[in-house]
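Heads up, the thing below is written out as structure tokens.
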Amino acid sequence: MAHTVCLLPGDGIGPEVVGATKRVIEAAGVDIEWVSLPIGETAIEFCGSVLPERTIAAIAGHGIALKGPVTTPIGRGHTSVNVQLRKRLKLFAAVRPVRNLPGIKTRFDNVDMVIIRENTEGLYSGIENEIIPGVAQSLKIATEEACTRIARFAFDYAVSRERQKVTVFHKANIMKMSDGLFLRCTQKVHRDYDGRVTYDQLIIDNGCMQMVRDPSRFDILLLENLYGDIVSDMAAGLVGGLGVVPGANFGVGCAVFEPVHGSAPDIARKGLANPLACIMSGVMMLRHMGENQAADRIRDAYDAVLTEGDPAHLTADIGGRATTDQFTEALIRKLT
Ligand code: ATP
0 MAHTVCLLPG DGIGPEVVGA TKRVIEAAGV DIEWVSLPIG ETAIEFCGSV LPERTIAAIA
60 GHGIALKGPV TTPIGRGHTS VNVQLRKRLK LFAAVRPVRN LPGIKTRFDN VDMVIIRENT
120 EGLYSGIENE IIPGVAQSLK IATEEACTRI ARFAFDYAVS RERQKVTVFH KANIMKMSDG
180 LFLRCTQKVH RDYDGRVTYD QLIIDNGCMQ MVRDPSRFDI LLLENLYGDI VSDMAAGLVG
240 GLGVVPGANF GVGCAVFEPV HGSAPDIARK GLANPLACIM SGVMMLRHMG ENQAADRIRD
300 AYDAVLTEGD PAHLTADIGG RATTDQFTEA LIRKLT
């Protein structure tokens, strides 16, 4: 049976990595009707908006999307499209598996953790103002409802994937109310999972130090919005960088799959982007759709390309000299 999936190429390297992912999924023989939708700066040209209503409506209707990164202007301009999209579609949980890959040599060879990020509140609530010239404030929002919802998601995820431990990073010694609430909600939810999943909490500065010293001690990390954003990139650095870490955003009846990395304008349209993070996000999407065989075949194919380690087939960020297309073609040749 054909699936229908929304396809959002996005900005910068987005069209390159999303295009590569579509090619790989099609080469694996999965029957998908793609609904291409505009988003990001490229959407302004056609629709006059970075997040057109018809894009939101289509994703809500079909319940599934593969999305490229979008550019967020720094210190000016429109509010983040990602933040708006996640809020509008109530995509409250970001899931980012961070694992060593074969052939990608890093300082550690025992990284296997999943970062679960609360996606809808915290400092990303977008409530900011200038009180008087020279004094600005940003509000950090935490609600019992959202903290409890993400904690339950994390423990359910742990149980369903047979993972052992959920660790929260927090700064409740300083943000006693907001991070304090996050901790209390998580501890309360944990009581329902006691004996099945262990729970641990670390002040975030110490947690980051522990992570770069010995990432193997972490299993599932449960983080509020900003901490999740920052720690995801740091964790990506432990396994080979932003080119190799996939992601997914889940809500009720809706899921958007996208790599952790941004639109990387510095390398856009040069054929230098590593499409693997997006392809791995596509593999997560296939599993979500129940296409496990195709997902396994694609995973085996990229594992084979990485294991061979031929620089002519790897992009520069992971030590090769291949273009986005050359990597993609090498992967497709390995599909069995
Ligand atoms: P955002 O604010 O949108 O999250 P960011 O600040 O995380 O973006 P990125 O756009 O992800 O920044 O890029 C950070 C660095 O990583 C850049 O030097 C970029 O070229 C590199 N990079 C990101 N993604 C890839 C990729 N897929 N392949 C190769 N290099 C990448």
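The sequence shown begins at 0 in numbering that gives the first Met the number 0 and counts up one residue at a time. C-beta: ideal position from N, C-alpha, C; glycine also.
**Message:** Closer than 8 angstroms to a non-hydrogen atom of ligand 1 - does that hold for the CB of Pro245?
**Reply:** What you label residue 245 is simply residue 246 of the sequence shown in a count that begins at 1. Pro245: no, Cβ never under 8 angstroms from ligand 1.
**Message:** Between His260 and ligand 1, is there a pair consisting of the residue's CB and a ligand heavy atom that are separated by less than 8 angstroms?
**Reply:** Residue mapping note: residue 260 aligns to position 261 of the sequence shown, counting from 1. At least one heavy atom of ligand 1 is nearer than 8 angstroms to the Cβ of His260, so yes.
**Top-ranked residue by Cα proximity to Arg116, from Pro51, Leu100, Leu225** = For the purposes of this step, residue 116 is taken as the residue at position 117 of the sequence shown. Minimum Cα distance to Arg116 is reached at Leu225.
**Asked** With distances taken from CA atoms, which of Met210, Asp309, Gly319, Phe249 is nearest Arg87?
**Response** As a first step, residue 87 is located in the sequence shown; it is residue number 88 there, counting from the start. Looking at the Cα atoms, Phe249 is the closest of the given residues.
**Message:** Please identify the residue among Gly9, Arg95, Leu182 whose C-alpha is closest to the C-alpha of Ile43.
**Reply:** One-based indexing of the sequence shown puts residue 43 at position 44. Ile43 has its Cα closest to that of Gly9, out of Gly9, Arg95, Leu182.
**Request:** Output the residue ranges of the alpha helix (DSSP H) runs that lie fully inside the region 40 to 122 and measure 4 residues or longer, sorted by chain position.
**Result:** 40 to 46, 52 to 61, 80 to 87
**Prompt:** Since Ile278 and Ala272 are thought to touch, with beta carbons under 8 angstroms apart, how far apart are those beta carbons, to the nearest angstrom?
**Reply:** Stepping through the sequence shown from its first residue, residue 278 is reached at position 279. Stepping through the sequence shown from its first residue, residue 272 is reached at position 273. That pair is no contact at about 11 angstroms.
**Contact under 9 angstroms by Cβ, Arg160 with Val113** = For the purposes of this step, residue 160 is taken as the residue at position 161 of the sequence shown. For the purposes of this step, residue 113 is taken as the residue at position 114 of the sequence shown. It is a contact, given that the beta carbons lie within the stated cut-off.
**Message:** Using 9 angstroms as the threshold, is the C-beta distance between Leu305 and Arg106 below it?
**Reply:** The sequence position of residue 305 within the sequence shown is 306, counting from 1. The sequence position of residue 106 within the sequence shown is 107, counting from 1. The answer is no: Cβ separation not under 9 angstroms.
**Request:** Indicate the three-state DSSP secondary structure (helix, strand or coil) for Asp199 in the structure shown.
**Result:** Position 200 of the sequence shown, counted from the first residue, corresponds to residue 199. Looking at Asp199 - three-state DSSP - the assignment turns out to be strand.
**Message:** Based on DSSP bridge pairs, tell me the residues matched to Thr166.
**Reply:** Here residue 166 refers to the residue found at position 167 of the sequence shown. BP columns for Thr166 point to Asp199, Leu220.
**Asked** Any heavy atom of ligand 1 within a distance shorter than 8 angstroms of the CB on Asn248?
**Response** Within the sequence shown, numbered from 1, the residue matching residue 248 stands at position 249. It does not: the Cβ of Asn248 is nowhere closer than 8 angstroms to a heavy atom of ligand 1.
**Message:** So within the region 272 to 320, which uninterrupted alpha helix (DSSP H) runs reach at least 4 residues, ignoring any that extend past its ends?
**Reply:** 275 to 287, 291 to 307
**Request:** Keeping to the same chain, check which residues put their C-beta closer than 7 angstroms to that of Glu129; ignore five residues upstream and five downstream.
**Result:** Numbered from 1 along the sequence shown, position 130 holds the residue referred to as residue 129. Ala135, listed in sequence order.
**Prompt:** Hey, how far is the Cα of Pro101 from the Cα of Leu138?
**Reply:** For the purposes of this step, residue 101 is identified with residue 102 of the sequence shown, where counting begins at 1. For the purposes of this step, residue 138 is identified with residue 139 of the sequence shown, where counting begins at 1. Looking at the two C-alpha atoms, the distance is approximately 42 angstroms.
**Message:** Please determine whether the Cβ atom of Asp111 lies at a distance below 8 angstroms from any heavy atom of ligand 2.
**Reply:** Ligand 2 is absent from the structure shown, which contains only ligand 1.
**Prompt:** Looking at Ile12 and ligand 1, is the gap between the Cβ and the nearest heavy atom below 8 angstroms?
**Reply:** If you number the sequence shown from 1, residue 12 lands on position 13. Yes, the Cβ of Ile12 comes within 8 angstroms of a heavy atom of ligand 1.
**Buried or exposed (CB count within 10 angstroms, at least 16 for buried), Ala414** = There is no way to answer for residue 414, as the model of the chain reaches only from 0 to 335.
**Asked** If you draw a straight line from the C-alpha of Asp111 to the C-alpha of Pro96, how long is it?
**Response** Locating residue 111 in the sequence shown gives position 112, where the first residue counts as 1. Locating residue 96 in the sequence shown gives position 97, where the first residue counts as 1. Whole-angstrom Cα-Cα distance: 7 angstroms.
**Request:** Look at Arg296 and Thr327 and say whether their C-beta atoms are less than 9 angstroms apart.
**Result:** The residue given as residue 296 occupies position 297 in the sequence shown. The residue given as residue 327 occupies position 328 in the sequence shown. No, the pair does not count as a contact, with Cβ atoms beyond the cut-off.
**Asked** So, helix, strand or coil for Ser137, using DSSP?
**Response** By one-based count along the sequence shown, residue 137 stands at place 138. Three-state DSSP puts Ser137 in a strand.
**Request:** Grab me the residues of Thr41's own chain with a C-beta within less than 7 angstroms of its C-beta, minus the 5 sequence neighbours each way, in chain order.
**Result:** Stepping through the sequence shown from its first residue, residue 41 is reached at position 42. Here the set comprises Asp10.
**Asked** Using DSSP with H/G/I as helix, E/B as strand and the rest coil, what is Val128?
**Response** Numbered from its first residue, the sequence shown carries residue 128 at position 129. For the record, residue 128 in the displayed sequence is Asn; it is not Val. Three-state DSSP puts Asn128 in a strand.
**Buried or exposed by the 16-neighbour rule on C-beta atoms within 10 Å, applied to Asp204** = In the sequence shown, the residue the question calls residue 204 occupies position 205. Under this definition Asp204 is an exposed residue.
**Request:** Report all residues from its chain with a CB closer than 7 angstroms to the CB of Ile169; omit the five preceding and five following residues, and keep chain order.
**Result:** The count along the sequence shown starts at 1 and reaches residue 169 at position 170. Here residue 169 is His; the residue named in the question, Ile, does not match the sequence. Hits under 7 angstroms: Asp178, Phe181, Leu182, Gln200, Ile202, Ile203.
**Request:** Report the three-state DSSP secondary structure of Ile31 (helix, strand or coil).
**Result:** Here residue 31 refers to the residue found at position 32 when the sequence shown is read from its first residue. Strand.
**Message:** Taking 8 angstroms as the cut-off, is the C-beta of Pro68 nearer than that to any heavy atom in ligand 1?
**Reply:** As a working note, residue 68 is residue 69 in the sequence shown. Because some heavy atom of ligand 1 lies under 8 angstroms away, the Cβ of Pro68 counts as near it: yes.
**Request:** Taking all protein chains shown into account, decide if Pro310 is buried (16 or more other Cβ within 10 angstroms of its Cβ) or exposed.
**Result:** Along the sequence shown, read from residue 1 onward, the residue named residue 310 stands at position 311. Counting Cβ neighbours within 10 Å, Pro310 comes out exposed, since fewer than 16 surround it.
**Message:** So, under 8 angstroms CB-CB, Ile63 and Ala254 are touching, yes? Tell me the CB distance rounded to an integer number of Å.
**Reply:** In the sequence shown, the residue the question calls residue 63 occupies position 64. In the sequence shown, the residue the question calls residue 254 occupies position 255. Their Cβ separation, rounded to whole angstroms, is 6 angstroms, which keeps Ile63 and Ala254 in contact under 8 angstroms.
**Prompt:** In angstroms, rounded to a whole number, what distance separates the CA positions of Leu221 and Thr119?
**Reply:** The residue given as residue 221 occupies position 222 in the sequence shown. The residue given as residue 119 occupies position 120 in the sequence shown. So the two alpha carbons sit approximately 14 angstroms from each other.
**Request:** May I ask you to report which of helix, strand or coil DSSP gives Asn248?
**Result:** What you label residue 248 is simply residue 249 of the sequence shown in a count that begins at 1. Asn248 falls in the strand class under three-state DSSP.
**Request:** Counting only the same chain and skipping the five closest in sequence on each side, list residues whose C-beta sits under 7 angstroms from that of Thr142.
**Result:** Within the sequence shown, numbered from 1, the residue matching residue 142 stands at position 143. Within the same chain, Thr142 has close Cβ partners Glu120.
**Request:** Tell me Phe256's beta-bridge partners as DSSP assigns them.
**Result:** To locate residue 256, count along the sequence shown from 1; it is residue 257. Note: Phe256 sits in a beta bridge opposite Leu65, Ala247.
**Prompt:** When DSSP labels each residue in this structure, what does Thr322 get in the three-state scheme?
**Reply:** Start at 1 with the first residue of the sequence shown, and residue 322 comes out as number 323. In this structure, Thr322 counts as coil in the three-state DSSP scheme.
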